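S.K.: Sharing a structure, written as structure tokens. Questions coming.
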Amino acid sequence: MHGAPLRVLVLEDNPDDFQLLLDLLGSHGAPGLDISHCPRLGQALEVLGGGGFDVVLSDLGLPDSQGLGTITRLVERFPALPLVVLTGLDDEDIGVEAVREGAQDYLVKGSMDPELLLRTLRYAIERKKTQEELRQARDELELRVQERTAELTRANLQLVQAQKLEAIGTLAGGIAHDFNNILTAIIGYTELALASDHLLDEDRQYLEQVLTAGGRARDTVSQILAFSRQSAAEQQVIQVAPIVKEALKLLRASIPTTIELRQYIARDAGRVMGDPTHIHQVLMNLCTNASHAMGQEGGVLEVTLQEQTLEPGQAAALGDLTAGNYLCLSVSDTGQGMTPEVQQRIFEPFFTTKDVGQGTGLGLSVVHGIIKNHGGVIRVQSQPGQGTTFRVFLPRVEAGEELPAPEPAPVPRGTGSVLLVDDDEALAGLGRSMMERLGYTVQAFTSSQEALAAFRFQPQAFDLVVSDNIMPQMTGLQLAQEVRAIRPELPVALCTGNNEYIPRESLQTLGIARLIMKPFSYRVLAGHLSDLLGQGQASGAGAGGAPVTAEVDPGGAGDPGAAVSLLKELTLLLNSDMAEALVSLDRLGGLLAATRHAPAFRRVDILVREFDLEAARQAIADLIQGLQGRESGGPEAGA
14 MHGAPLRVLV
24 LEDNPDDFQL
34 LLDLLGSHGA
44 PGLDISHCPR
54 LGQALEVLGG
64 GGFDVVLSDL
74 GLPDSQGLGT
84 ITRLVERFPA
94 LPLVVLTGLD
104 DEDIGVEAVR
114 EGAQDYLVKG
124 SMDPELLLRT
134 LRYAIERKKT
144 QEELRQARDE
154 LELRVQERTA
164 ELTRANLQLV
174 QAQKLEAIGT
184 LAGGIAHDFN
194 NILTAIIGYT
204 ELALASDHLL
214 DEDRQYLEQV
224 LTAGGRARDT
234 VSQILAFSRQ
244 SAAEQQVIQV
254 APIVKEALKL
264 LRASIPTTIE
274 LRQYIARDAG
284 RVMGDPTHIH
294 QVLMNLCTNA
304 SHAMGQEGGV
314 LEVTLQEQTL
324 EPGQAAALGD
334 LTAGNYLCLS
344 VSDTGQGMTP
354 EVQQRIFEPF
364 FTTKDVGQGT
374 GLGLSVVHGI
384 IKNHGGVIRV
394 QSQPGQGTTF
404 RVFLPRVEAG
414 EELPAPEPAP
424 VPRGTGSVLL
434 VDDDEALAGL
444 GRSMMERLGY
454 TVQAFTSSQE
464 ALAAFRFQPQ
474 AFDLVVSDNI
484 MPQMTGLQLA
494 QEVRAIRPEL
504 PVALCTGNNE
514 YIPRESLQTL
524 GIARLIMKPF
534 SYRVLAGHLS
544 DLLGQGQASG
554 AGAGGAPVTA
564 EVDPGGAGDP
574 GAAVSLLKEL
584 TLLLNSDMAE
594 ALVSLDRLGG
604 LLAATRHAPA
614 FRRVDILVRE
624 FDLEAARQAI
634 ADLIQGLQGR
644 ESGGPEAGA
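Under this note's numbering, the first residue of the sequence shown carries the number 14, and numbering increases by one thereafter.
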């Protein structure tokens, strides 16, 4: 044998049998053996506990252990140690049972020779080693199977969640039109009521609250659609403090009176880059959850907004942040709190601890997504029975120069005949009332087929068609196609609560002049009508399409008033298809090139920057000369 000696522990209470084993091994000339002897199992267990043995050779008849019990105790204590059993001539069956119980082999006393004894010991060691390797391989395989199963389970859960989100998106898109129809009526009729000169101050305040809530509902529907499309929100520099104060006013009326609402809003809280509707939704969601956590028993709901500068260590502890200036929004409650297990899952979609029908499990998932899209983080601190605190950190932006809010422009009025179509009677009536107040003559229909029949009877009686898109029997797109087949130059505007259902190609093909999103306000509708009929007057009866805009940036300084006069005087009277061109002064020739690809323009608006009037006039003159110099039969230009 080579290397370290083979250490063998012999359990044998009979001295003669032990001496026989020593003689057998010694007669074979095996100096590489290190043999120890224990006459009792208890003693052997203590010796084996010290480690270092390669194999155990054990009799089954010991003073403190008999039969298979000896094997059981040895295997339980030392499962990795090879074991060879010694049996009598008439106990061979017990040897077989011993192997079944965990021994590697057995030898019959009186029928073994030195070579068999040594070979059995070596085989026992190798067999045990092989068994251990197989066991490790099996355990590793089982671990891999478990990991793979866990991956498949996670993938399946993600698929299920994706399918749920897809279903939510489909549902949101399907009902957005109906929701926005309802909101159009709420907002529109509220605005008409506010226009009355006979309102009591208290009633006016109530209606203004309805209008504010309607605007929030409109933004919420828009946010739901954005969430279902996973689209990015439009962000701007905003003051968070006014949004928080407004949200808390709405919240006070919706939470139980047993809940004390405390707010600490820093007056000098800075600005962030964000979407005001999303910030409002984050606060409302966190406060609503806090209210539910306290229930009717009540408690304290505390909202804090303050600036906070994070050092590198603090930012690293929060994760996903860098050191710098932040706005910290904190929402705390004295409710039932959360276990660590619940805290780990609260931002998962569809996870909820509320009773069936009490929540969807989407709220905090949406909040987490909003905060992440704003470049911030949200963290939670909670213990069972000790309430919960959510902290939101948003990157603060440096304050720029405060500009006074512009005075609202007067609501534009106009004249003209409008064909209005909406299958919702309330909205048809609302649209007619708004348009007539603005000075227009309106024929309103709730049936697209009846509207088409009226148009066919007097096609020249209308200056504009405004139609809902989703209607029974005939959609707005189909109505526009029929109308423009009779009068191709007539402007047609479509109203919709969800533009996902209107292919952009269809808008261009049919020459839709404007897409009006519901819910719209009185002022917004007035602006659309003024633009649409103003375009029609500028380009002849019923001009369609959309303007091409050229940005002229000549540089220099000049007289702003003269520039405004120049802009008012400049209109190129061209029939149009949809096209756009944005060019600076040195690239103004690009607009002329664009006209060759889109053969006819209805109108070109030229925006003069820096008010270098001489350069602007020369650029405009060159453009007009180029347009007039096109092939005969092309549109003429005038200014």
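Even for Gly, the Cβ is constructed at its ideal location relative to N, Cα and C. Keep in mind the model is a prediction, meaning the values are calculated, not measured.
1. Would you mind working out which of 398, 510, 56 and 309 sits nearest residue 529, comparing C-alpha positions?
2. Pick from 197, 465 and 427: whose alpha carbon is nearest that of residue 231?
3. So residue 97 packs on residue 114, CB below 8 Å; how close in whole Å?
4. In three-state terms, what does DSSP make of residue 327?
5. Alpha carbon to alpha carbon, how far is residue 343 from residue 462? Give it in angstroms, no decimals.
6. If you draw a straight line from the alpha carbon of residue 497 to that of residue 447, how long is it in whole angstroms?
7. Looking only at C-alpha atoms, which of 508, 515, 521 and 516 sits nearest to residue 541?
8. Which value, in whole angstroms, describes the spacing of the CA atoms of residue 428 and residue 179?
9. Give the straight-line distance between the Cα atoms of residue 437 and residue 480, rounded to the nearest whole angstrom.
10. So, helix, strand or coil for residue 9, using DSSP?
11. Answer with buried or exposed for residue 25, where buried requires no fewer than 16 other C-beta atoms within 10 angstroms of its C-beta.
12. Nearest to residue 523 by CA position, among 396, 535, 76 and 492, is which residue?
13. By alpha-carbon positions, which one of 151, 92 and 250 ends up nearest to residue 141?
14. Please name the residue or residues paired with residue 91 in a DSSP beta bridge.
15. Where does residue 529 sit, in a helix, a strand or coil, going by DSSP?
16. Rounded to the nearest angstrom, how far is the Cβ of residue 324 from that of residue 345, given a contact under 8 Å?
17. Using CA atoms only, rank isn't needed, just tell me which of 34, 78, 138 and 110 is closest to residue 13.
18. Mapping DSSP to helix, strand and coil, what is residue 188?
19. Can you look up residue 231 in the DSSP assignment and give me helix, strand or coil?
20. Does the distance from the CB of residue 406 to the CB of residue 340 come in under 9 Å?
21. What's the C-alpha gap between residue 452 and residue 426?
22. Please report the Cβ distance between residue 60 and residue 134, rounded to the nearest whole angstrom; I am assuming they are in contact, meaning their Cβ atoms lie under 8 Å.
23. Evaluate residue 31 with the Cβ neighbour count: other Cβ atoms within 10 Å of its Cβ, from every protein chain shown; 16 or more gives buried, anything less gives exposed.
24. Between the Cα of residue 328 and those of 392, 381 and 433, spot the shortest distance and give me the residue it belongs to.
25. With C-beta atoms as the reference, is residue 127 less than 9 Å away from residue 46?
26. If I follow the unbroken alpha helix (DSSP H) through residue 255, where does it start and stop?
27. Consult DSSP for residue 454 and reduce its assignment to one of helix, strand or coil.
28. According to DSSP, simplified to helix, strand and coil, what is residue 211?
29. Mapping DSSP to helix, strand and coil, what is residue 487?
30. Is residue 297 helix, strand or coil when you go by DSSP?
M.R.: Reading off the structure:
1. Locating residue 529 in the sequence shown gives position 516, where the first residue counts as 1. Selected option, being the one with the closest Cα: 510.
2. To locate residue 231, count along the sequence shown from 1; it is residue 218. Here the closest residue by C-alpha is 197.
3. Sequence index remark: in the sequence shown, residue 97 carries index 84 (1-based). Sequence index remark: in the sequence shown, residue 114 carries index 101 (1-based). The beta-carbon separation of residue 97 and residue 114, rounded to 13 Å, does not stay under the 8 Å limit for a contact.
4. The residue you call residue 327 lines up with position 314 of the sequence shown. The answer is helix: DSSP assigns residue 327 an H, G or I state.
5. To locate residue 462, count along the sequence shown from 1; it is residue 449. To locate residue 343, count along the sequence shown from 1; it is residue 330. Cα atoms of residue 462 and residue 343: separation of roughly 56 Å, rounded to the nearest angstrom.
6. Here residue 497 corresponds to residue number 484 of the sequence shown, with the count starting at 1. Here residue 447 corresponds to residue number 434 of the sequence shown, with the count starting at 1. Roughly 25 Å separates the two Cα atoms.
7. If you number the sequence shown from 1, residue 541 lands on position 528. Comparing Cα positions, the closest option is 508.
8. As a working note, residue 428 is residue 415 in the sequence shown. As a working note, residue 179 is residue 166 in the sequence shown. Rounded to whole angstroms, residue 428 to residue 179 spans 46 Å at the Cα level.
9. As a working mapping, residue 437 is identified with position 424 in the sequence shown. As a working mapping, residue 480 is identified with position 467 in the sequence shown. Those two C-alpha atoms are separated by around 11 Å.
10. In this structure the chain extends from 14 to 652, so residue 9 is not present and cannot be described.
11. Position 12 of the sequence shown, counted from the start, is the residue given in the question as residue 25. Within a 10 Å sphere around the beta-carbon of residue 25 sit 16 or more other beta-carbons, which makes this residue buried.
12. Within the sequence shown, residue 523 is the residue found at index 510, counting from 1. Here the closest residue by C-alpha is 492.
13. If you number the sequence shown from 1, residue 141 lands on position 128. If we check each option's Cα against that of residue 141, 92 comes out closest.
14. Along the sequence shown, read from residue 1 onward, the residue named residue 91 stands at position 78. In the DSSP output, where bridge partners are listed per residue, residue 91 has none listed.
15. For this step, residue 529 is matched to residue 516 along the sequence shown. The answer is strand: DSSP assigns residue 529 an E or B state.
16. As a working mapping, residue 324 is identified with position 311 in the sequence shown. As a working mapping, residue 345 is identified with position 332 in the sequence shown. The C-beta separation of residue 324 from residue 345 comes to about 23 Å, leaving the pair out of contact by the 8 Å criterion.
17. Look at the range of the chain in this structure, 14 to 652, and you will see that residue 13 is not part of it.
18. Taking the first residue of the sequence shown as position 1, residue 188 is located at position 175. The answer is helix: DSSP assigns residue 188 an H, G or I state.
19. Along the sequence shown, one-based indexing puts residue 231 at 218. Note: residue 231 maps to helix in three-state DSSP.
20. Position 393 of the sequence shown, counted from the first residue, corresponds to residue 406. Position 327 of the sequence shown, counted from the first residue, corresponds to residue 340. Taking 9 Å as the Cβ cut-off, residue 406 and residue 340 qualify as a contacting pair.
21. As a working mapping, residue 452 is identified with position 439 in the sequence shown. As a working mapping, residue 426 is identified with position 413 in the sequence shown. A straight-line Cα-Cα distance of about 6 Å links residue 452 and residue 426.
22. Within the sequence shown, residue 60 is the residue found at index 47, counting from 1. Within the sequence shown, residue 134 is the residue found at index 121, counting from 1. With a Cβ gap of about 18 Å, residue 60 and residue 134 do not count as contacting.
23. Along the sequence shown, read from residue 1 onward, the residue named residue 31 stands at position 18. Result: buried.
24. To locate residue 328, count along the sequence shown from 1; it is residue 315. Closest by alpha carbon: 392.
25. Numbered from 1 along the sequence shown, position 114 holds the residue referred to as residue 127. Numbered from 1 along the sequence shown, position 33 holds the residue referred to as residue 46. Using a Cβ distance threshold of 9 Å, residue 127 and residue 46 do not count as a contacting pair.
26. Counting from 1 along the sequence shown, the entry for residue 255 is found at position 242. Bounds of the alpha helix (DSSP H) holding residue 255 are 253-265.
27. Position 441 of the sequence shown, counted from the start, is the residue given in the question as residue 454. Strand, per DSSP.
28. For this step, residue 211 is matched to residue 198 along the sequence shown. Residue 211 falls in the coil class under three-state DSSP.
29. As a first step, residue 487 must be located in the sequence shown, where it is residue number 474. In the three-state reduction of the DSSP assignment, residue 487 falls in the coil class, being assigned neither a helical nor a strand state.
30. If you number the sequence shown from 1, residue 297 lands on position 284. Looking at residue 297 - three-state DSSP - the assignment turns out to be helix.
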